[in-house]
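Chains as they are written, first to last, in our numbering: chain S, 3 to 134; chain B, 907 to 1362. Glycine included, every Cβ here is placed at the ideal spot set by N, Cα and C. Keep in mind the model is a prediction, meaning the values are calculated, not measured. Worksheet: one structure, shown below.
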Amino acid sequence: METPDPIEKVLILVVERDPHIKKLERFFLEEAGYRVEFADDGLQGLERARALIPRILVTEILLPRLDGLKVCRALKSDPATKDIIVLVFSILFAEDRALEAGADAFLRKPLDDARLVDTVTTLLRERSEAGS
Amino acid sequence: MKRLTSGNAELDAILGGGFPANAIHVLMGAPGTGKTILAEQLCFANASPDRPVLYVATFSEPLQKIVGFLQAFNFAKLEKLGTQIVYEYVGEDLLTAPERFPQRVQELLTRHRPKIIVIDSFKALADLMPDRSAWRRTLDAVAGMLSAYDTTTFLVGEYTSDMLTQLPEFAVADGVIDLTREERGSRDERFLRVLKLRGSDFLAGRHPVHINSDGIQAYRRFLTPAAPPEYRPVFERLKTGISGLDSMVATGFLRGTATLVAGPSGAGKTSLGIHFLRAGVAEGEPGLLVGFQENPNQLIRALGSLGSEHGALLGPGKFDHFYTSPVEVQIDHVANEITRRIDSHGVKRVVIDAVSDLEQGAGDHLRFRDFLYSLTQMFAVRNVTSMLLVEATGLFQQQGISGHTVSYMSDNIILLEMLLGDDLSRTIRIIKSRGSKHDGKRHPLRITQSAVEVGG
Chain S
3 METPDPIEKV LILVVERDPH IKKLERFFLE EAGYRVEFAD DGLQGLERAR ALIPRILVTE
63 ILLPRLDGLK VCRALKSDPA TKDIIVLVFS ILFAEDRALE AGADAFLRKP LDDARLVDTV
123 TTLLRERSEA GS
Chain B
907 MKRLTSGNAE LDAILGGGFP ANAIHVLMGA PGTGKTILAE QLCFANASPD RPVLYVATFS
967 EPLQKIVGFL QAFNFAKLEK LGTQIVYEYV GEDLLTAPER FPQRVQELLT RHRPKIIVID
1027 SFKALADLMP DRSAWRRTLD AVAGMLSAYD TTTFLVGEYT SDMLTQLPEF AVADGVIDLT
1087 REERGSRDER FLRVLKLRGS DFLAGRHPVH INSDGIQAYR RFLTPAAPPE YRPVFERLKT
1147 GISGLDSMVA TGFLRGTATL VAGPSGAGKT SLGIHFLRAG VAEGEPGLLV GFQENPNQLI
1207 RALGSLGSEH GALLGPGKFD HFYTSPVEVQ IDHVANEITR RIDSHGVKRV VIDAVSDLEQ
1267 GAGDHLRFRD FLYSLTQMFA VRNVTSMLLV EATGLFQQQG ISGHTVSYMS DNIILLEMLL
1327 GDDLSRTIRI IKSRGSKHDG KRHPLRITQS AVEVGG
């Protein structure tokens, strides 16, 4: 039987198809103390988000089967998933489109570990303060 | 677009503002062309506490050698070593398992989190791979990892131009900088060429490069300047200060024109040029003598023979002297330096002594023609009046100045001759003055203790 973590780690679901970015995201987010799960395409990302209800979903826009903005809209329009924080992390210059789709924040690639971890931490803190 | 400085302002200008960030650049060239120096220079120019640099040494460039030679350069601020710039040697790991290099890169990225990463030599790594497909897989994984992270990569290698279409490194590269060294007579000249710079403008063509204690110094290939919006042709006549000369061309040469002064050795070309500049200073017009003939000491003597005290006359903003040995003439460097001095010191008059030295430095006729056209255009748009001195072929009387590209690029042509008789007598005549009526007759030219005069 597995020993549970003494402190429950915050779950982040990353929807990303680039294997190199996934490796780096896993390394830096886990190093910062988060638990990381992945989905390889938009449809799988939506399914896993509904199943896992992560605190944050980090998604690229350019994804197979369902793009990241549609994933974002679907999550934000569903009462069961609307509280999942969505961070759009894309190669595209698409901040306006991401925010319009309901995303809570936007970051542009390439991956800057300090910016990614800071953004995730800030989003979690702001949500926590808003809820308290 | 974010950019990184190369550590040299001229090279940054060639690159359209510096190396595009978050890209993979290849620095290629034969051994001794300056690849590693350029890589080191840009590392030191960019490294800071929040912009760490990782220098990965493979086989061909052992770490001891890279760091050892580095200390000869002024840019190498040693306090950055080990903190802002970290060196890693991966040669031994690669010998046993070259295909593990992508994992090694990931380890290095996550450990050091560099904003710049240099891999030197990257080609040596490819040479270790058992076959081409193994190298392609490795390269794809390394390039993918380097592109995913917020870093700018420089892959250094002894690549040659024939490899450009053969090796996959050049397909994944966003930028390719080719460094070359060419023999010219008994000396070597170095050049740099940007072959590719994805998503960015750059200055195409071959740009000369010097390597000295400051590192790589590039010089933009001299191009025809675009006329600035405020440029308007000027119809003002200039007072050359040479008695009798101005009245031979309407009431003087047009300001902003280029005048070819041709004549045999001893005919008075340099004296005429020096007096033209000296008279300009007296009129409040700063001058520049670009000399390949008289070194600074010889110029002081020449000024003395014309009755000038050099101390008050010479200097930037007055009578500026830019001397380069004719053996070392690098035409793009000369042109850029002339432009810089004109712009810095408000130079209004320029004398080039002699154009044939520039021709020697150009190497080929076509390049010289383009260069000279660009140079005279640069003078024109800046409204700088110039004299271009040319050594004629005949010893006493001019045999003709055909063959000199400079003759049809000049607005005016002055011909100096020496006539044989009991005494040596010098003469001057104007054989061309574009847009002006001129006196084409031969006139005596006198060089006295204090002046150069026409007539009498």
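Between the Cα of residue i and those of the options, spot the shortest distance and give me the residue it belongs to.
| i | options | result |
| --- | --- | --- |
| E49/S | E131/S, L94/S, V73/S, I87/S | V73/S |
| Y1065/B | Y961/B, V932/B, R1143/B | V932/B |
| L1220/B | R1010/B, N914/B, V1187/B, G935/B | V1187/B |
| T1059/B | G1346/B, R909/B, T1071/B | R909/B |
| E1142/B | T911/B, V1290/B, V973/B, I1334/B | V1290/B |
| A34/S | L113/S, L118/S, R110/S, G70/S | L118/S |
| E128/S | A116/S, A107/S, H22/S | A107/S |
| H1227/B | E1234/B, E1200/B, E1215/B | E1200/B |
| P66/S | R75/S, G44/S, P56/S | G44/S |
| F1108/B | V1358/B, S1313/B, F925/B | F925/B |
| S1092/B | G922/B, V1233/B, V1257/B, D1276/B | V1233/B |
| L1000/B | Q990/B, Y993/B, V1011/B | V1011/B |
| P1192/B | G923/B, A1208/B, V1253/B | V1253/B |
| I997/B | Y1314/B, A936/B, L1031/B | Correcting the residue identity first, residue 997/B is Gly in this sequence and not Ile. Ranking Y1314/B, A936/B, L1031/B by Cα distance to G997/B puts L1031/B first. |
| M1154/B | S912/B, I920/B, V1360/B | V1360/B |
| L1034/B | Q977/B, V1024/B, T964/B | T964/B |
| I1122/B | E946/B, V1062/B, I1248/B | E946/B |
| G1223/B | I1180/B, L1194/B, I991/B | L1194/B |
| V1115/B | T1333/B, I920/B, V1078/B, P1170/B | I920/B |
| H1344/B | I1319/B, Q1355/B, S1356/B, G935/B | I1319/B |
| I93/S | K111/S, L13/S, P81/S | K111/S |
Would you say residue i faces chain S, with C-beta separation under 8 Å as the test?
| i | result |
| --- | --- |
| R1019/B | yes |
| T1016/B | yes |
| G1050/B | yes |
| Q990/B | no |
| Q1012/B | yes |
| G924/B | no |
| S1308/B | For S1308/B, the pLDDT reaches just 45, beneath the cut-off of 50, and the residue's location in the model is therefore unreliable, although a value from the coordinates is still provided. By this cut-off, S1308/B is not an interface position. |
Determine, using beta carbons only, whether residue i comes closer than 8 Å to chain B.
| i | result |
| --- | --- |
| F40/S | no |
| I23/S | yes |
| P112/S | yes |
| L77/S | no |
| D106/S | no |
| D98/S | no |
| F29/S | yes |
| L26/S | yes |
| D43/S | no |
| D80/S | no |
| D20/S | yes |
Using a beta-carbon distance below 8 Å, is residue i in contact with chain C?
| i | result |
| --- | --- |
| V959/B | Of the chains in the structure shown, none is chain C; the protein chains are S and B. |
- Query: So does the stretch 56 to 72 of chain S actually touch the stretch 89 to 102 of chain S, counting three or more Cβ pairs closer than 8 Å?
  - Reply: Yes, the stretch 56 to 72 of chain S is in contact with the stretch 89 to 102 of chain S.
- Name, going along the chain, the residues of the stretch 1054 to 1074 of chain B whose beta-carbon falls closer than 9 Å to a beta-carbon of chain S. Against chain S - using a Cβ distance shorter than 9 Å - the residues of the stretch 1054 to 1074 of chain B are A1054, Y1055, D1056, T1057.
- Kindly confirm or deny that the stretch 1070 to 1086 of chain B and the stretch 922 to 942 of chain B touch, where touching means at least three C-beta pairs closer than 8 Å. Three or more Cβ pairs drawn from the stretch 1070 to 1086 of chain B and the stretch 922 to 942 of chain B lie within less than 8 Å of each other, which places the two stretches in contact.
- Query: Closer than 8 Å, Cβ to any Cβ of chain S: which residues of the stretch 927 to 949 of chain B, in chain order?
  - Reply: Those would be N928, in chain order.
- Closer than 7 Å, Cβ to any Cβ of chain B: which residues of the stretch 113 to 126 of chain S, in chain order? For the stretch 113 to 126 of chain S, which is checked against every Cβ of chain B, the residues closer than 7 Å are L113, D114, D115.
- Using 8 Å as the threshold, is the stretch 1100 to 1108 of chain B in touch with the stretch 949 to 961 of chain B, meaning 3 or more CB pairs across them? By the Cβ rule, the stretch 1100 to 1108 of chain B does not count as touching the stretch 949 to 961 of chain B, because fewer than three pairs are nearer than 8 Å.
- Item | Residues, ordered as in the chain, of the stretch 48 to 74 of chain S that lie near chain B by beta-carbon distance below 7 Å | Residues are counted here when their Cβ sits less than 7 Å from a Cβ of chain B; for the stretch 48 to 74 of chain S the count is zero.
- So, do the stretch 982 to 989 of chain B and the stretch 1014 to 1033 of chain B have three or more beta carbon pairs nearer to each other than 8 Å? Judged by pairs of C-beta atoms under 8 Å, the stretch 982 to 989 of chain B does not touch the stretch 1014 to 1033 of chain B, as fewer than three such pairs exist.
- Item | Uninterrupted alpha helix (DSSP H) stretches inside the stretch 1222 to 1275 of chain B (no shorter than 4 residues) | Inside the stretch 1222 to 1275 of chain B, DSSP marks whole alpha helix (DSSP H) runs of 4 or more residues at positions 1237 to 1251, 1261 to 1268, from first to last along the chain.
- Message: Suppose only complete runs of 4+ residues qualify. What are the alpha helix (DSSP H) ranges in the stretch 1038 to 1096 of chain B, listed by chain order?
- Response: Secondary structure within the stretch 1038 to 1096 of chain B: the alpha helix (DSSP H) runs of 4 or more consecutive residues, fully enclosed, are 1038 to 1054, 1075 to 1078 (chain order).
- Task: Decide yes or no for the touch test of the stretch 1151 to 1171 of chain B against the stretch 1277 to 1286 of chain B: beta carbon pairs closer than 8 Å, at least 3 of them.
- Result: With the cut-off at 8 Å, the stretch 1151 to 1171 of chain B and the stretch 1277 to 1286 of chain B touch.
- Item | Within the stretch 918 to 1001 of chain B, ranges of the alpha helix (DSSP H) (whole runs, at least 4 residues) | Given a length threshold of 4 residues, each whole run of the alpha helix (DSSP H) inside the stretch 918 to 1001 of chain B is given here in chain order: 941 to 952, 969 to 976.
- Message: If we require 3 or more residues per run, which beta strand (DSSP E) segments fall completely within the stretch 30 to 94 of chain S?
- Response: Within the stretch 30 to 94 of chain S, the complete beta strand (DSSP E) runs of at least 3 residues are 37 to 41, 58 to 61, 87 to 92.
- Message: Any contact between the stretch 1231 to 1250 of chain B and the stretch 1274 to 1283 of chain B? By contact I mean 3 or more CB pairs, one from each, below 8 Å.
- Response: These segments touch.
- Query: In chain order, which beta strand (DSSP E) runs of at least 3 residues are fully inside the stretch 1138 to 1209 of chain B?
  - Reply: With a minimum length of 3 residues, the continuous beta strand (DSSP E) runs that stay inside the stretch 1138 to 1209 of chain B are 1164 to 1169, 1193 to 1197.
- Query: With contact counted as at least three CB pairs below 8 Å, one residue from each stretch, are the stretch 1200 to 1216 of chain B and the stretch 1323 to 1341 of chain B in contact?
  - Reply: Using a C-beta cut-off of 8 Å, the stretch 1200 to 1216 of chain B makes no contact with the stretch 1323 to 1341 of chain B, since fewer than three inter-stretch Cβ pairs fall below that distance.
- Task: Check whether the stretch 1204 to 1219 of chain B touches the stretch 1260 to 1272 of chain B, taking contact to mean three or more Cβ pairs, one atom from each stretch, closer than 8 Å.
- Result: No: the two stretches stay apart, fewer than three of their Cβ pairs being nearer than 8 Å.
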